[in-house]
Structure formats: C-alpha cells, structure tokens
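4 is the number of the first residue of the sequence shown in the numbering used here; add one for each residue after it. Where a beta carbon is used, it is the ideal one built from N, C-alpha and C, also for glycine. In what follows, a single structure is set out as structure tokens and then discussed.
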Amino acid sequence: MTARGRLTRKIGVVAAGRAANTASILAVYALVARAWTPEECGLFGAVWLVGNALIPVFLFGLPTSLLYFFPRRGEPRLLVGQVMLCLVASGLALAGSLWLWGPQLADVLVQAASDGEQVAAYLMFFLPYIFAAVAAGGAEAALVAADREHSLA
C-alpha cells in the first residue's frame, strides 16, 4: 500500500470513530430532551459544559505532541508510557479538583444555592467520565502513531 493510501486509511478510521462519537452524543441529547424536564436538561447541560470545557485544558496538548514525537523517538513505548502516566495524573487532578471545589463552582455557575447543590450532585456522577476522557485522551494518537489504527475500529 502506498504512503498516500495508508494516510487516507488512517484518516478514514479516525474520522469514522469521531463521527460515531458525535452521533452518540447527539443521541444522548435527543434522549435527554425527550425524557427529562427542562430543568433537568438545564442541569445536565451545565454539568456537560463544565466537564467538556475543562477536558481539553487538562490534556495539555499531549495527544497531539505524541503524534509528532512518536516517529522520532528510539524508544516509543517509553514515550507512550510517560504520556499515559501524565494523562492519568492530569485526569486525577481534574476529577479531584471538581470533587473538592465542585459545589463552589456550581454556585458560581447558577448563582442560586438550591440549583447549585443539584449541579454539584450531578457533577459527582459525571466525574468518572471526565477522568476517563482525560486519562484515555492519548490512546487514539498512540494507536495512529504506531500504525495500529485498525485497533480503533
């Protein structure tokens, strides 16, 4: 297979995975809109916004840098291990920060104590997703850089 064909295949696999992710998020929003009250949808939206706004910040650009440095390193396993360890630590830091300061953040977001308590309660259930999104944030880049993009499908 030519280099162009391999690159096209990599892009296709990654694009298909991201399209499936986007479709699943759209399905969740559609189900939430049909099943929950407008107040619950608003709480879900606030928690979702907080989590998804902070995830890219706590990735520190490590997945993208992995794509750059992986082919240039003599020992790529060590590099992937270091990146994954950093992302796990970053995910723990984000989840821990939200666990500790989530109620204060919720009060700032909604500016009402009763709604703030509900947002904080929902945020606690959302912490495993936030941790997993950061901790596994480099997996896609590592697989693509190692020419193992078929593992993504």
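Check whether L112 and A49 have beta carbons under 9 Å apart: In this structure, A49 lies closer than 9 Å to L112 by Cβ.
Extent of the continuous alpha helix (DSSP H) to which W51 belongs: First-last of the alpha helix (DSSP H) with W51: 41-62.
E42 beta carbon less than 9 Å from that of V35: Here V35 is not near E42, since their CB atoms are 9 Å or more apart.
The stretch 52-62 contacting the stretch 142-149, beta-carbon criterion three pairs below 8 Å: Below 8 Å, too few C-beta pairs join the stretch 52-62 and the stretch 142-149 to call them touching: fewer than three.
As assigned by DSSP and simplified to three states, the class of A149: Taken through DSSP and simplified to helix, strand or coil, A149 comes out as coil.
Contact check, V53 vs L90, beta carbons under 9 Å: Against a cut-off of 9 Å, the Cβ pair of L90 and V53 comes out as no contact.
Distance, V17 Cα to S27 Cα: So the alpha carbons of these two residues sit roughly 15 Å apart.
Integer Cβ distance of F134 from L95, believed to fall under 8 Å: Indeed, because the Cβ distance is near 7 Å, the residues count as touching under 8 Å.
E78 - DSSP class collapsed to helix/strand/coil: In the three-state reduction of the DSSP assignment, E78 falls in the coil class.
Distance between D110 and A116 (C-alpha atoms, nearest Å): In this prediction, A116 scores a pLDDT of 46, lower than 50, which makes its location untrustworthy; no coordinate-derived value is stated.
Distance CB(V122)-CB(L57) smaller than 9 Å: For V122 and L57, no; Cβs fall outside 9 Å.
Residue range of the unbroken alpha helix (DSSP H) whose run includes F72: According to the DSSP assignment, F72 belongs to the alpha helix (DSSP H) that extends over 65-72.
Reduced DSSP category for A139 - H, G, I as helix; E, B as strand; rest coil: Residue state, collapsed to three classes: coil.
C-alpha gap between G15 and E120, whole angstroms: If you draw a straight line from the Cα of G15 to the Cα of E120, it is about 43 Å long.
V86 beta carbon less than 9 Å from that of L69: Cβ distance < 9 Å, so L69 and V86 count as in contact.
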